[in-house]
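Protein chains in written order, with the numbering used here: chain A, 2 to 126; chain B, 3 to 179. Glycine residues also receive a C-beta, built at the ideal position from the N, C-alpha and C atoms. This report concerns only the one structure given below.
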């Protein structure tokens with residue numbers, strides 16, 4: 002019984018530390034969004050410079066994602082993957098969580114978000 | 003004896019598959035992809051204790067293949083497999099360390115490593131190392147969901163261990179112990 006309590010305390014502490022670090026990660030400050038496909042940056046969009054709404058189609062191996070770009074926002078409108086996780090997710094709102102479409106190898110995130118490649122490669126900076 | 007074992011494994015596979023398919027229909031709980039209860043994990047942990055590592059592995063692999071066919075998400079099978087296999091690889095030695103009364107601890111380690119395996123696959127597929135940051139919320143959620151599914155398996159195990167017919171079904175394991 003005592004061992005159970007010790008493990009519960011250890012796990013609770015670990016969960017809280019992870020959640021705390023996650024919520025303390027800085028949010029994005031810029032409005033520049035990048036679209037990656039298969040690890041390659043294929044497009045960058047400055048959302049603050051967008052004046053009217055438009056749609057953008059990205060293809061990967063015959064499958065496509067329709068991305069809607071508007072003033073200050075971006076979201077995946079349609080995806081012909083079976084799960085549709087990226088569509089259900091809605092708008093890219095915070096810098097912490099990118100929009101990811103795994104079947105189509107697509108990642109959409111703020112250029113200066115902490116989840117960036119630079120932040121990982123360059124350590125905490 | 004062999005047939006009994008096969009029946010037990012098939013029964014658990016069917017249970018895992020049903021739970022897996024039902025859970026796939028439930029909308030995601032949070033904006034972070036990958037956060038889910040992982041109820042099928044409780045069957046894997048249960049099988050690990052009730053039947054042993056080999057059967058748990060067989061149940062896991064069959065469930066993932068049939069589950070991805072049933073839910074129509076074949077591409078998801080890769081992520082389920084990388085998560086599931088890593089999780090089981092870590093849980094197998096832990097089973098020797100933790101008695102059945104602490105099955106939930108093994109389940110927590112299994113859930114966290116399951117998420118880790120999935121993130122690794124996602125990083126490899128998208129070639130975006132930044133996705134590793136997802137391990138923070140996924141570790142926190144894995145601890146919670148792993149404890150829950152582990153307790154489910156543990157309570158079921160301790161109750162079933164009192165039943166005679168259950169002992170007969172899983173008798174191989176009982177004798178070996």
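What residue 108(A) touches in chain B, judged by beta-carbon distance under 7 Å, is 128, 130, going in chain order. Against chain A, the beta carbon of residue 149(B) has neighbours under 7 Å at 12, listed in chain order. Residue 5(A) reaches chain B at 104, counting residues in chain order whose Cβ is nearer than 7 Å. In chain A, no part has a C-beta under 9 Å from the C-beta of residue 115(B); the shortest such distance is about 13 Å.
Residue 25(B): member of the alpha helix (DSSP H) spanning 4 to 27, first to last residue. When Cβ-Cβ separations below 8 Å define contact, residue 66(B) makes no contact with chain A. By the C-beta criterion, the region 118 to 130 of chain B is judged not to be in contact with the region 14 to 21 of chain A, since fewer than 3 inter-stretch pairs fall below 8 Å. For residue 57(A), DSSP records a beta bridge to 68(A). When beta bridges are read from the DSSP output, residue 46(A) appears opposite 34(A).
Of all residues in the region 24 to 39 of chain A, the ones placed with a Cβ closer than 8 Å to any Cβ belonging to chain B are 26, 37, 39, in chain order. Beta-bridge analysis with DSSP links residue 102(A) to 107(A).
Residue 70(A) is not a Cβ neighbour of residue 100(A), given a cutoff of 8 Å. The beta carbons of residue 68(A) and residue 56(A) sit about 7 Å from each other, so the pair counts as a contact at 8 Å.
Annotation: Cβ neighbours of residue 138(B) in chain A (cutoff 7 Å, chain order): 19, 22, 23. In this structure, 104(B) is the residue among 104(B), 94(B), 171(B) with its C-alpha nearest to the C-alpha of residue 4(A).
Comparing C-alpha distances from residue 152(B) to each of 162(B), 80(B), 102(B) shows the shortest one belongs to 102(B).
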